[in-house]
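Numbering (UniProt numbering), first residue to last: 1 to 133.
Working notes, structure below.
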């Protein structure tokens with residue numbers, strides 16, 4: 001099964017411009033071409049694009065993504081370095097999660113504090129309509 005660039009963009013959630021950009025900066029191998037010379041993306045291409053999207057969501061810099069992508073072509077001999085890149089990024093994600101958890105804890109504390117203020121002021125918890133007004 002192959003997909004046009006528009007269909008690959010739709011399925012991956014990336015724009016056509018992003019697909020072309022990823023190809024230009026060598027994050028994505030040039031896709032096969034159909035008989036008319038148009039890009040024809042494979043299921044493997046879409047799987048790789050899904051992985052690249054996850055890497056971007058983790059905040060991985062393009063430079064690291066490019067290194068990882070170039071190492072893919074070296075097969076098993078590059079497995080150690082590819083793993084190291086992912087381990088480094090995992091640590092970064094874990095630190096961000098911890099930081100966000102701290103923020104969530106503060107928000108929960110403040111919301112609880114306002115719940116207590118409202119109970120004291122109204123003698124009971126106000127209805128949701130009263131809070132949102």
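Backbone N, C-alpha and C define an ideal beta-carbon position, used for all residues, glycine too.
Quick caveat, the model's predicted, so the values are computed rather than measured.
Among the options, whose alpha-carbon lies nearest the alpha-carbon of residue i?
i, options, result
"residue 26", "119, 73, 50", "73"
"residue 36", "4, 17, 64", "4"
"residue 88", "100, 42, 65", "65"
By DSSP, does residue i sit in helix, in strand, or in coil?
i, result
"residue 40", "strand"
"residue 2", "strand"
Counting only the same chain and skipping the five closest in sequence on each side, list residues whose C-beta sits under 7 Å from that of residue i.
i, result
"residue 30", "23"
The stretch 45–65 / the stretch 89–103 touching (three or more Cβ pairs under 8 Å) = Taking a cut-off of 8 Å for Cβ pairs, the stretch 45–65 and the stretch 89–103 touch, as three or more such pairs fall below it.
Examine the Cβ distances between the stretch 41–60 and the stretch 10–22 and report whether three or more of them are shorter than 8 Å.
-> yes
Every unbroken beta strand (DSSP E) inside the stretch 61–107 [3 residues or more] | Here no run is fully enclosed.
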